[in-house]
Ligand code: XMP
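This is how it looks when you write it as structure tokens:
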């Protein structure tokens with residue numbers, strides 16, 4: 325097992341996913357973890373992630389030095405690279421920033437960079453640099469702006485990479501991670517093959533003849549979790565809460581999907597009027613999210629109470645929590661935080677004396693999709709784009725009104741149709757239409773008209789933490805735009821969003 329120690333990087337989870345995809349189990353550990361715990365867990369290698377701090381600052385996160393005496397290989401990435409150098413007696417100073425693609429010129433001989441070229445494209449993001457190495461270490465690579473972009477001590481099996489081997493822009497980053505796994509002597513036998521049987525058996529053992537209640541959204545995680553639970557027990561009660569700010573046709577789609585999959589107890593709770601009433605006049609994005617989160621829990625709780633009164637054997641609450649939802653990053657993103665509150669449904673399990681069933685809690689999204697395929701769920705349902713809990717509310721800037729919801733729904737449907745028809749849908753992480761509440765002029769027939777601006781957004785990403793705008797072919801964008809202005813009343817203009825995350829976010833609010 326590889327321990328990925330999290331120093332607050334958005335990429336800590338990405339490192340763990342990459343290691344798993346190389347066939348070795350990886351878990352995230354907090355940066356306060358002690359050597360004894362890693363030893364107990366029989367960790368075979370340790371990777372220190374990047375992070376936003378500077379190692380020379382007061383109270384900067386550090387490492388239990390005992391970890392470096394475990395005799396287990398250690399690889400520091402970015403902040404981890406600086407931290408190792410710092411604690412072992414080297415020197416780290418503020419330097420000119422390097423951000424983006426750089427060429428690494430490899431130097432010195434080390435197992436970490438074995439079989440790599442003399443020049444390698446790598447991806448950098450740092451404002452501090454290691455300028456003096458601890459004793460016994462050699463420089464393994466440099467870039468134009470960074471004299472010690474990688475260092476190594478093969479005898480102690482301690483290494484540093486200033487750049488990020490886990491991101492795609494580091495072209496041979498996987499080879500570097502693979503070399504590290506070889507240095508650790510890890511057996512490459514981690515796979516999720518057969519995990520469905522194991523998970524179903526675990527659920528069976530846990531729930532016995534009790535029943536499980538579960539909120540479902542039509543999203544991948546709740547779908548796979550509910551399908552697994554159904555394999556373990558026929559007593560699963562699915563509840564779909566419709567807050568009225570969802571995609572057009574979504575409620576029908578989810579109902580049909582669950583019917584087709586043979587779920588016998590499926591409940592639809594139409595709560596749209598309560599949500600609309602509470603959101604009336606609200607324009608502050610965080611306030612909107614809070615209202616939606618709170619109301620969602622309230623409605624769900626009422627439904628649970630009602631069903632529990634009818635079916636006394638409901639003793640469990642099923643949830644589609646996945647690994648990144650559970651393991652809070654040292655610097656949790658806005659999305660992670662909100663997703664978490666959604667998942668925890670506000671202390672509901674304790675209040676209602678329900679025990680949690682979370683079969684996906686140790687898996688990453690790609691593993692969840694693979695598991696979904698394994699148990700025969702429709703590919704189309706598993707490949708759906710992520711959809712945020714607060715729904716279209718985060719895609720309507722300003723006040724939410726019935727008119728604006730209708731406009732976004734129509735525009736979104738057209739954009740999605742065009743993406744599907746052109747084969748672009750599966751190539752992007754997420755795509756949608758958003759409404760900007762300013763009016764721009766257009767010409768309809770002979771007269772000038774004023775209407776809203778629709779922004780189309782399509783992004784590529786591996787986990788939603790960082791994203792690039794998708795290079796959708798112009799003709800696809802053109803068809804979507806002209807269909808939207810022609811068919812969606814109240815829209816006079818369509819823009820395509822070409823901002824990256826960071827600095828922008830994927831959603832609009
Ligand atoms: P941002 O907009 O923060 O989004 O770049 C990153 C990813 O998270 C999703 N997202 C959310 N998901 N509740 C959710 O369940 C939320 O409040 C929320 N906000 C953003 C977003 O769709 C994207 O995939």
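In the working numbering, the protein residues as written are 325 to 833.
Glycine included, every Cβ here is placed at the ideal spot set by N, Cα and C.
Computed from a predicted model, the values in this text were never measured in an experiment.
- Contact between residue 816 and residue 732 does not hold, since their C-beta atoms are separated by about 15 Å, which reaches or exceeds 8 Å.
- The stretch 552 to 565 makes no contact with the stretch 703 to 723: fewer than 3 CB pairs, one atom from each, lie closer than 8 Å.
- For residue 540, the distance from the CB to the nearest heavy atom of ligand 1 is not below 8 Å.
- Fewer than three pairs of CB atoms, one per stretch, sit closer than 8 Å, so the stretch 506 to 514 makes no contact with the stretch 489 to 496.
- With a cutoff of 8 Å, residue 831 counts as near ligand 1, since its C-beta is closer than that to a heavy atom of the ligand.
- Distances taken from the Cβ of residue 755 to the heavy atoms of ligand 1 include none shorter than 8 Å.
- For residue 793, the pairing in a beta bridge is given by DSSP as 783.
- Not one heavy atom of ligand 1 lies closer than 8 Å to the C-beta of residue 441.
- With respect to residue 742, residue 800 sits close: the two C-beta atoms are nearer than 9 Å.
- Residue 472 places its beta carbon 9 Å or farther from that of residue 445.
- Under the three-state reduction of DSSP output, residue 559 falls in the coil class, being neither helix nor strand.
- Looking only at 681, 600, 622, the smallest Cα-Cα distance to residue 639 is reached by 681.
- Close CB contacts of residue 479 within its chain, under the 8 Å cut and outside five residues either way in sequence, are with 460 (chain order).
- No heavy atom of ligand 1 is found nearer than 8 Å to the CB of residue 587.
- Between residue 325 and residue 359, the C-beta spacing is not below 9 Å.
- Assignment of residue 469 by DSSP, reduced to helix, strand and coil, places it in the coil class.
- In this structure, residue 486 sits away from residue 439, with a CB-CB distance that is not shorter than 9 Å.
- Across the structure, residue 388 and residue 621 are spaced so that their CA atoms are roughly 41 Å apart.
- For residue 644, the Cβ stays outside the 8 Å cut-off from all heavy atoms of ligand 1.
- Residue burial annotation: residue 747 is exposed, with fewer than 16 other C-beta atoms found within 10 angstroms of its C-beta.
- Between the alpha carbons of residue 770 and residue 810 lies a gap of roughly 15 Å.
- Secondary structure note for residue 349: it is in no alpha helix (DSSP H), with a DSSP letter that is neither H nor E.
- With fewer than 16 other CB atoms across the displayed protein chains lying within 10 angstroms of its CB, residue 726 is exposed.
- Beta-carbon to beta-carbon, residue 631 and residue 537 are separated by about 6 Å, close enough to satisfy the 8 Å threshold.
- Annotated three-state conformation of residue 582 is helix, per DSSP.
- For the pair residue 644 and residue 563, the CB atoms are not nearer than the 9 Å cut-off.
- The three-state reading of DSSP puts residue 688 in coil, since its state is none of H, G, I, E or B.
- Counting along the chain, the unbroken beta strand (DSSP E) around residue 768 starts and ends at 754 to 768.
- Pairing residue 409 with residue 475 gives a Cβ-Cβ distance under 9 Å.
- Excluding sequence positions up to five before and after residue 581, its CB lies within less than 8 Å of the CB of 542, 547, 702, 705, all in the same chain and listed in chain order.
- Cβ atoms of residue 378 and residue 335 stay farther apart than 8 Å, at about 18 Å.
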